[in-house]
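Here the structure comes first, spelled out in structure tokens, and everything after it is commentary.
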Amino acid sequence: MTRAINIAPDKLDKSIWHLQDSDRILKRGPHVRVSEAEALRCVASSTHVPVPEVFGAYKKDGMGHIFMSRASGIPLYDVLFTLDEAQVESVTTQLSEFVRSWMGLRGDYFGSMGFTACRDVFFQHCPAINIPDQEYGPFRTRTEYCSGLIDALQNSRPGRIFDADDAHLIEKIQRLGDGCGAVFCHGDLHPDNILVDDQVNVVAILDMGVSGFSIPEREYFEAKSRARNPVWSSMIDRIIPKISDDTYALLSELERALVRYSGI
1 MTRAINIAPD KLDKSIWHLQ DSDRILKRGP HVRVSEAEAL RCVASSTHVP VPEVFGAYKK
61 DGMGHIFMSR ASGIPLYDVL FTLDEAQVES VTTQLSEFVR SWMGLRGDYF GSMGFTACRD
121 VFFQHCPAIN IPDQEYGPFR TRTEYCSGLI DALQNSRPGR IFDADDAHLI EKIQRLGDGC
181 GAVFCHGDLH PDNILVDDQV NVVAILDMGV SGFSIPEREY FEAKSRARNP VWSSMIDRII
241 PKISDDTYAL LSELERALVR YSGI
């Protein structure tokens, strides 16, 4: 690749190249999907959220390719511990407005853009049985989505046989089907995917590879459950609409149950 630098060499299954001649970014890899490009375009055209501009996207020989503009800025992670109270408040306010903006986008299905499979964390774990390339969704209704969660739980069990602790969890998952419809979720919002300038203005939201329409509870749960930085964890409570303690506990229980046998 002529005059290109891999700017994410530590990525497990994809690389991100800076194409120096055009000053653009090429994201390519076996798990790079055209649905990410569609998500970026949707957010760019329907909200005021700053995201990279997409110039083209395709899949060839099992590898996804997305050509996009290069976003300038510093990862929020790199400066988080240096921010004073006023700067934390400013970033929190900016991000809250952006999240509210994209969660205002409604879908008539639960899944990735282009009516493709769900990339919610609950559907990403390795099954305990040999099901190559298992995918879930898209789903037309929230009830179907919750049935998909139960299918994922069943596939996580040896021989697809539920264990003694599963019945009560399944009952609670079924009750989750009574909530709101599908909203757009980033699904991987953390400080490495947020760029700021030297005035701590948010200049870009990156990496929408697992984004899509989902239950609104997903956005808070996935961000909060992965937060390891105490400053960021406290910010999440004001950036993303907080879910009830009972719902968070249910989704945490489901997440633990899904990896009980596979470990991942």
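Counting in UniProt numbering, the sequence shown tops out at residue 264, every number present.
In this text, a Cβ means the ideal position worked out from N, Cα and C, and glycines have one as well.
All values derive from a computational prediction rather than experimental measurement.
Annotation note: the stretch 174 to 238 contains the following uninterrupted beta strand (DSSP E) runs of length 3 or greater, listed N- to C-terminal: 182 to 185, 194 to 196, 202 to 205, 212 to 214. The alpha-carbon separation between R142 and S252 amounts to approximately 19 Å. Residue ranges of uninterrupted alpha helix (DSSP H) with 4 or more members, entirely inside the stretch 12 to 90 and ordered along the chain, are 34 to 46, 76 to 79. DSSP places A257 in no beta strand (DSSP E) but in the uninterrupted alpha helix (DSSP H) bounded by 245 to 258. Under DSSP, A167 takes part in no beta bridge, so it has no partner.
In the DSSP annotation of this structure, the continuous segment of the beta strand (DSSP E) that includes A4 starts and ends at 4 to 6. Residue nearest to I236 within the set Y220, D245, A249, F67 is Y220 (criterion: CA-CA distance). The Cβ atoms of L195 and I74 lie closer than 8 Å to each other. Contact between V202 and L80 does not hold, since the beta-carbon distance rounds to 13 Å and is not under 8 Å.
With contact defined as three or more Cβ pairs closer than 8 Å, the stretch 146 to 155 and the stretch 182 to 191 are not in contact. Beta-bridge partners assigned by DSSP to F110: F139. When the alpha-carbon of V32 is set against those of Q20, S211, L105, the nearest one is in S211. By the criterion of a C-beta distance shorter than 7 Å, I240 is surrounded in its chain by V99, E219, Y220, A223, once the five residues flanking it on both sides are discounted. For T116, the beta-bridge partners assigned by DSSP are S112. Residue state for G148 is assigned as helix, using DSSP reduced to three classes.
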